[in-house]
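Undergrad:
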Amino acid sequence: MKIKYIFLSTFLTIGLTLPMFGQQNQADTIKPGMKMHDMSSMMGKPTAEAIVEGLHMKVWLMTQEQHKKMKEEMGMSKMKDTSMKMNKAMMDPMMAGTHHIMLDVKDSTSGKEIANATAQVLIVSPSKNNSSVDLKSMMNHFGGALTLNEKGEYQIKVSVTVAGFSKSTQFKYVVE
6 MKIKYIFLST FLTIGLTLPM FGQQNQADTI KPGMKMHDMS SMMGKPTAEA
56 IVEGLHMKVW LMTQEQHKKM KEEMGMSKMK DTSMKMNKAM MDPMMAGTHH
106 IMLDVKDSTS GKEIANATAQ VLIVSPSKNN SSVDLKSMMN HFGGALTLNE
156 KGEYQIKVSV TVAGFSKSTQ FKYVVE
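Letter by letter, the sequence shown follows residues 6 to 181 of this note's numbering.
1) Which same chain residues end up closer than 7 Å to Ala122 when comparing Cβ atoms and leaving out the 5 residues on each side of it in sequence?
2) Can you give me the C-alpha to C-alpha distance between Lys63 and Leu108, rounded to a whole angstrom?
3) For Met6, collect the residues of the same chain with a Cβ closer than 7 Å to its Cβ; drop the 5 residues on either side in sequence, then sort them by chain order.
4) So for Thr123, helix, strand or coil by DSSP?
5) Could you tell me which residues DSSP puts in a beta bridge with Glu118?
6) Based on Cα-Cα distance, which residue from Phe12, Trp65 and Leu23 lies nearest to Glu175?
7) CB-CB under 6 Å to Val57, same chain, minus the five flanking residues each way: which ones, in chain order?
8) Please list, in chain order, all residues of the same chain as Lys156 whose beta carbon is under 6 Å from its beta carbon, the five residues on each side excluded.
9) Use the C-beta contact count for Ile106: other C-beta atoms within 10 angstroms, 16 or more gives buried, fewer gives exposed.
10) For Ala55, which residues from the same chain have a beta carbon less than 6 Å from its beta carbon, with the 5 sequence-adjacent residues on both sides left out?
11) So who's on the other strand from Ala168, going by DSSP bridges?
12) For Ala53 and Ile161, what's the separation of their Cα atoms in angstroms?
13) Give me whichever residues DSSP pairs with Ser173 in a beta bridge.
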């Protein structure tokens, strides 16, 4: 009788624990070759691109209408997951102004994202007025709203500060 209980308890233990080994865990779902969405694959060709002192900077500059349309095409405006949605206090400033800027900064040799960086844009308008905008850190890039309300050629300087050192690139942007 004791042998019967031993076999029964062994069989139940094995039978009830086997499904546990068939479940996926988080380590199984993340493969080494997988990575976060690359901005270039989503956004296309950047407005400006430069490698400056070990940083690979890509800048996309678009009108707010283009930005809104891009978000709708990507399904971001209808996201159900509230943890992925930006709160209203952060979203309103991003949609202000006439244009939206996105900045992707990575290490030029490893391709990895740069931790603890800040970014700022300095703008010289066609009438030579200067303004600056601090870019907000987003999921894996920086973003911000710009007001480019004059027609003509703007001089734009993007500066990234990493570990106390500032690295920058400049480009021209024409508003027609």
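Backbone N, C-alpha and C define an ideal beta-carbon position, used for all residues, glycine too.
Every value quoted in this text rests on a predicted model; they were computed, and no experiment measured them.
TA: Answer, in terms of the structure:
1) Position 117 of the sequence shown, counting from 1, holds the residue named residue 122. So the qualifying residues of the chain are Val110, Val165, Thr166 and Val167.
2) Working through the sequence shown from its first residue, we reach residue 63 at position 58. Working through the sequence shown from its first residue, we reach residue 108 at position 103. Those two C-alpha atoms are separated by around 6 Å.
3) Stepping through the sequence shown from its first residue, residue 6 is reached at position 1. There are no such residues.
4) As a first step, residue 123 is located in the sequence shown; it is residue number 118 there, counting from the start. Three-state result, Thr123: strand.
5) Counting from one through the sequence shown, the residue named residue 118 turns up at place 113. Beta-bridge pairing links Glu118 to Lys111.
6) What you label residue 175 is simply residue 170 of the sequence shown in a count that begins at 1. Note on identity: in this sequence residue 175 is Gln, with Glu being the wrong assignment. Considering only alpha carbons, the answer is Trp65.
7) Start at 1 with the first residue of the sequence shown, and residue 57 comes out as number 52. So the qualifying residues of the chain are Lys172 and Thr174.
8) Sequence index remark: in the sequence shown, residue 156 carries index 151 (1-based). These residues qualify, in order along the chain: Val180.
9) Within the sequence shown, residue 106 is the residue found at index 101, counting from 1. Buried.
10) By one-based count along the sequence shown, residue 55 stands at place 50. The answer, listed in chain order, is Met62 and Thr174.
11) On the sequence shown, position 163 is the one that residue 168 refers to. Looking at the DSSP assignment, Ala168 forms no beta bridge with any residue, so it has no partner.
12) Indexing the sequence shown from 1 puts residue 53 at position 48. Indexing the sequence shown from 1 puts residue 161 at position 156. Going by the C-alpha atoms only, they are around 10 Å apart.
13) Against the sequence shown, residue 173 aligns to sequence position 168. Partner(s): Ser164.
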